[in-house]
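Numbering (full-length UniProt numbering), first residue to last: 1 to 266.
First the structure, in the form of structure tokens, and then the observations on it.
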């Protein structure tokens, strides 16, 4: 087996299983320990795997990696539904809300279709479509223009211009990641600019984000943690993250996707 073929086999093994041990690769491929370690070094230098003690794992996402909407919508579905259900309770009839693009905010939109006398601002075609499929005479939906990103956001100067000057009661902000150092982030620079304009338009900022977003950092910061009035997450959020968020945001609400209850920290 040629070196390139062997490295491709190693990469497929790591991607299929999420990781591989050097000892197992030595046995499966019939080569020396040193050869496997050299192959892993080459794959790691190319950013295809992440070397760990005794083997390798799938390479972590970079700060500019932006998964598509379909890929993200399949992740953490029970958590997103529990978060969206709880976040919907923060919306009162007769108010104006903004929903930025994202799979959690898209899930939230389904829970808002029965709220009367609602004005919705969004930069997501998918979210606008949710409301279009459940029409109400007392609802107004404003869809910004802009350039479409892989995550289904309309961004850029046209989107920014559409949002600027608007005032909404609550913004539900979809985020790629959140951390103490970087705050709420996105891997798309133009999306960050549009989202920052949405934040500026809102009287209240609510961030619905499942536990996997903690510690993930995109290339551009949308807002600091302290700017969020409410963060709605799920019971998978680590205790350390809960303490950090509770100390910085106005209110942290934790939902349980299995029991339909939540706790709040102010």
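All C-beta atoms in this analysis are idealised placements derived from N, C-alpha and C, irrespective of residue type, glycine included.
Note that the structure is a prediction, hence the values are computed from the model and not measured.
Residue i: first and last residue of the uninterrupted beta strand (DSSP E) it sits in
| i | result |
| --- | --- |
| residue 19 | 19-21 |
| residue 223 | 220-223 |
| residue 140 | 140-143 |
| residue 179 | 177-179 |
| residue 174 | No beta strand (DSSP E) holds residue 174; DSSP gives it neither H nor E. |
Straight-line Cα distance separating residue j from residue i
| i | j | result |
| --- | --- | --- |
| residue 243 | residue 180 | 11 Å |
| residue 44 | residue 51 | 6 Å |
| residue 8 | residue 33 | 17 Å |
| residue 189 | residue 221 | 9 Å |
| residue 178 | residue 217 | 6 Å |
| residue 201 | residue 107 | 22 Å |
| residue 229 | residue 121 | 19 Å |
| residue 198 | residue 90 | 18 Å |
| residue 257 | residue 81 | 7 Å |
| residue 131 | residue 113 | 6 Å |
| residue 79 | residue 38 | 40 Å |
Reduced DSSP secondary structure (H/G/I, E/B, other) of residue i
| i | result |
| --- | --- |
| residue 37 | helix |
| residue 169 | strand |
| residue 148 | strand |
| residue 93 | coil |
| residue 127 | helix |
| residue 247 | helix |
| residue 230 | strand |
| residue 158 | helix |
| residue 78 | helix |
Limits of the unbroken alpha helix (DSSP H) element including residue i
| i | result |
| --- | --- |
| residue 189 | 189-201 |
| residue 109 | 103-111 |
Closest residue to residue i among the options (Cα-Cα distance)
| i | options | result |
| --- | --- | --- |
| residue 209 | 129, 87, 170 | 87 |
| residue 167 | 173, 204, 108 | 204 |
| residue 136 | 126, 118, 239, 24 | 118 |
| residue 151 | 112, 48, 163, 191 | 191 |
Contact test: residue i Cβ vs the ligand GDP heavy atom, cutoff 6 Å
| i | result |
| --- | --- |
| residue 221 | As far as ligands go, the structure on display features none, and thus does not contain the ligand GDP. |
Check whether the stretch 135-146 and the stretch 154-164 touch, using three or more Cβ-Cβ pairs below 8 Å as the test.
yes
Indicate whether the contact test is met: 3 or more Cβ pairs, each with one atom in the stretch 159-173 and one in the stretch 97-108, closer than 8 Å.
yes
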